[in-house]
Amino acid sequence: MIRTELREHIFKMLFQIEFNDAADMPEHLKLYFDTLEDAADKDKDYIRKKYEAVVSKSEEIDKILNENTTGWKTSRMNKTDLAILRLAVYEIRWDADVPTGVAINEAVELAKRFGGDSSPSFVNGVLGRIAKLES
1 MIRTELREHI
11 FKMLFQIEFN
21 DAADMPEHLK
31 LYFDTLEDAA
41 DKDKDYIRKK
51 YEAVVSKSEE
61 IDKILNENTT
71 GWKTSRMNKT
81 DLAILRLAVY
91 EIRWDADVPT
101 GVAINEAVEL
111 AKRFGGDSSP
121 SFVNGVLGRI
131 AKLES
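Here it is as structure tokens:
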């Protein structure tokens with residue numbers, strides 16, 4: 001799988017967090033991986049590791065998001081946008097393998113595909129503000 005596909009699977013797993021108990025997520029992960037019949041073990045491993053890394057930093061990520069949005073705290077955000085932003089903020093802040101511009105561009109593409117009409121501009125604006133602080 002290419003990174004864009006891997007990122008989409010990570011986003012889908014992160015999206016599920018909003019609708020399931022944390023204790024149930026390992027089972028959801030297993031079920032999700034069962035549907036990825038064509039995925040190589042290395043791809044599943046990459047998805048799992050990055051998903052777990054984002055989850056482990058979710059409190060810090062949400063703090064960053066809440067500090068860099070006006071009138072849009074994470075509790076009020078569209079759940080699709082929130083999952084996309086969490087993944088992108090993780091990549092910008094902690095994943096040295098992903099350049100900031102790539103993280104933002106991929107997040108905007110996910111927002112175009114899965115979000116609402118205003119999602120791409122919202123995601124781009126939030127991430128642009130965060131990226132300025134990171135540089």
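Here the sequence shown is numbered in my numbering, starting from 1 and rising by one per residue.
All residues carry an ideal CB built from backbone N, CA and C; glycine is no exception.
> Buried or exposed: residue 80, going by 16 or more other Cβ atoms within 10 Å of its Cβ?
Replying inline: buried
>> Taking the alpha helix (DSSP H) that residue 73 belongs to, which residues open and close that run?
In response: Counting along the chain, residue 73 falls outside any alpha helix (DSSP H), and DSSP gives it neither H nor E.
>> Here's the rule I'm using: 16 or more other beta-carbon atoms within 10 Å means buried, otherwise exposed. How should residue 111 be labelled?
In response: buried
> In terms of alpha-carbon separation, which member of 113, 82, 39 and 88 lies closest to residue 19?
Replying inline: 82
>> Which same chain residues end up closer than 7 Å to residue 130 when comparing Cβ atoms and leaving out the 5 residues on each side of it in sequence?
In response: 64, 68, 89 and 92
> Terminal residues of the continuous alpha helix (DSSP H) containing residue 8?
Replying inline: 3-17
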